[in-house]
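Novice:
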Amino acid sequence: GQQLNQSPQSMFIQEGEDVSMNCTSSSIFNTWLWYKQDPGEGPVLLIALYKAGELTSNGRLTAQFGITRKDSFLNISASIPSDVGIYFCAGQGGGTSYGKLTFGQGTILTVHP
Amino acid sequence: SAVISQKPSRDICQRGTSLTIQCQVDSQVTMMFWYRQQPGQSLTLIATANQGSEATYESGFVIDKFPISRPNLTFSTLTVSNMSPEDSSIYLCSVGEGLLGNQPQHFGDGTRLSIL
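Heads up: the sequence lines are chains V and W, in that order.
The first sequence begins at 4 in this note's numbering and counts up by one.
The second sequence begins at 2 in this note's numbering and counts up by one.
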């Protein structure tokens with residue numbers, strides 16, 4: 004089955020630093036999504052990417068859909084304490100996999116004030 | 002985006018029992034999904050809940066263990082049957098909006114299940 008490799012597994016940074024995390028896949032995806040999960044809550048959608056090469060921003064967040072359709076990255080600029088949480092990438096396929104999401108293992112982000 | 006409510010939010014159950022989790026959406030949605038998140042792990046798709054027909058299960062998940070209902074476009078249930086400690090997880094409902102259900106999925110807050 005499809006697998007996503009997300010790295011790094013965890014990050015410990017100082018407030019104000021920039022953060023970068025990425026996902027790679029052995030398979031092609033039609034859509035790449037980035038979610039954030041806070042303790043006790045479900046994942047919340049941050050950014051959705053629909054086309055290879057697409058670069059999309061949402062405030063301090065920037066994400067790109069890789070040209071090969073097998074990878075994506077998420078950058079967070081000027082981190083703040085509320086950025087703490089677990090970040091997941093997810094790939095959405097087409098055809099018989101339509102609508103189904105495959106998730107990366109997650110990146111645990113800790114921001115020190 | 003749709004507002005998704007899950008009940009219960011958490012429960013502690015005895016092994017061998019079954020629990021039904023409800024997912025209610027405040028608008029009609031094309032697609033509904035059920036995921037499992039084991040402690041400290043990522044999310045794994047259990048099944049796609051199909052309105053008016055049997056759910057489509059992913060490899061490793063079977064209907065006898067995780068029966069799913071979806072009687073209409075706003076509601077679905079997942080039952081965790083004959084529970085064992087290995088079933089202790091967060092169970093999450095998600096929805097795909099849009100005519101084709103191809104809008105990015107949004108998640109409920111999950112049901113935190115502990116089996117003793």
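Quick reminder that beta carbons are idealized off the backbone N, C-alpha and C, glycines included.
All of these numbers come straight from a predicted model, not from anything done at the bench.
Can you find a CB in chain W that lies within less than 8 Å of the CB of Leu-112(V)?
Specialist: Here the question's residue 112(V) lines up with position 109 in the first sequence. Leu-112(V) does not count as touching chain W.
Novice: Who are the neighbours of Gly-97(W) on chain V, taking C-beta pairs under 7 Å?
Specialist: The sequence position of residue 97(W) within the second sequence is 96, counting from 1. Near Gly-97(W) (Cβ distances below 7 Å), the residues of chain V are Gly-102.
Novice: Taking the CB atoms as reference points, tell me whether Tyr-90(V) and Leu-104(V) lie closer together than 8 Å.
Specialist: Within the first sequence, the letter at position 87 stands for residue 90(V). Within the first sequence, the letter at position 101 stands for residue 104(V). Contact flag unset, no.
Novice: Along chain V, which residues have their Cβ under 7 Å away from the Cβ of Gly-111(W)?
Specialist: Within the second sequence, numbered from 1, the residue matching residue 111(W) stands at position 110. Going along chain V in sequence order, the residues near Gly-111(W) (Cβ under 7 Å) are Gly-45.
Novice: For Ser-60(W) and Val-87(V), what's the separation of their Cα atoms in angstroms?
Specialist: Indexing the second sequence from 1 puts residue 60(W) at position 59. Indexing the first sequence from 1 puts residue 87(V) at position 84. C-alpha separation (whole angstroms): 33 Å.
Novice: Can you tell me which of Met-14(V), Asn-8(V), Leu-7(V), Gln-9(V) puts its alpha carbon nearest to the alpha carbon of Leu-112(V)?
Specialist: Within the first sequence, numbered from 1, the residue matching residue 112(V) stands at position 109. Leu-112(V) has its Cα closest to that of Met-14(V), out of Met-14(V), Asn-8(V), Leu-7(V), Gln-9(V).
Novice: Name, please, each residue of chain V whose Cβ falls closer than 7 Å to the Cβ of Pro-105(W).
Specialist: If you number the second sequence from 1, residue 105(W) lands on position 104. Going along chain V in sequence order, the residues near Pro-105(W) (Cβ under 7 Å) are Leu-36, Leu-48, Ala-51.
Novice: Could you spell out the range, first to last residue, of the beta strand (DSSP E) harbouring Asp-118(W)?
Specialist: As displayed, chain W neither begins before 2 nor continues past 117, which places residue 118(W) out of reach and without an answer.
Novice: Is Gly-45(V) buried or exposed, if buried means 16 or more other CB atoms sit within 10 Å of its CB?
Specialist: Walking along the first sequence from the start, residue 45(V) turns up at place 42. Burial call: buried.
Novice: Given this structure, state the Cα-to-Cα distance separating Phe-32(V) from Ala-51(V), to the nearest angstrom.
Specialist: Numbered from 1 along the first sequence, position 29 holds the residue referred to as residue 32(V). Numbered from 1 along the first sequence, position 48 holds the residue referred to as residue 51(V). Each residue's Cα considered, the two are about 12 Å apart.
Novice: So, at 6 Å on beta carbons, what are the nonlocal neighbours of Thr-34(V) in its own chain, with the 5 sequence-adjacent residues on each side left out?
Specialist: Locating residue 34(V) in the first sequence gives position 31, counting from the first residue. Cβ neighbours of Thr-34(V) beyond the five flanking positions: Tyr-53, Gln-95.
Novice: Taking the alpha-carbon positions, what's the Ile-116(W) to Ala-55(V) distance?
Specialist: Translated into positions along the second sequence, residue 116(W) becomes position 115. Translated into positions along the first sequence, residue 55(V) becomes position 52. Those two C-alpha atoms are separated by around 43 Å.
Novice: Could you say which of Pro-116(V), Cys-92(V), Leu-49(V) lies nearest to Gly-109(V) if we only look at CA atoms?
Specialist: Taking the first sequence and counting its residues from 1, the one referred to as residue 109(V) is at position 106. The shortest Cα separation from Gly-109(V) among Pro-116(V), Cys-92(V), Leu-49(V) belongs to Cys-92(V).
Novice: Can you give the Cα-Cα distance for Gln-29(W) and Gln-17(V), rounded to whole angstroms?
Specialist: The residue given as residue 29(W) occupies position 28 in the second sequence. The residue given as residue 17(V) occupies position 14 in the first sequence. Distance between the alpha carbons of Gln-29(W) and Gln-17(V): 43 Å.
Novice: Between the C-alpha atoms of Gln-39(W) and Ser-54(W), what's the straight-line distance to the nearest angstrom?
Specialist: Taking the first residue of the second sequence as 1, we reach residue 39(W) at position 38. Taking the first residue of the second sequence as 1, we reach residue 54(W) at position 53. One C-alpha to the other measures close to 28 Å.
Novice: In three-state terms, what does DSSP make of Asp-74(V)?
Specialist: Counted from its first residue, the first sequence places residue 74(V) at position 71. It is a strand residue.
Novice: For the beta strand (DSSP E) that contains Asn-8(V), what are its first and last residues?
Specialist: Position 5 of the first sequence holds residue 8(V). That run of the beta strand (DSSP E) goes 7–10.
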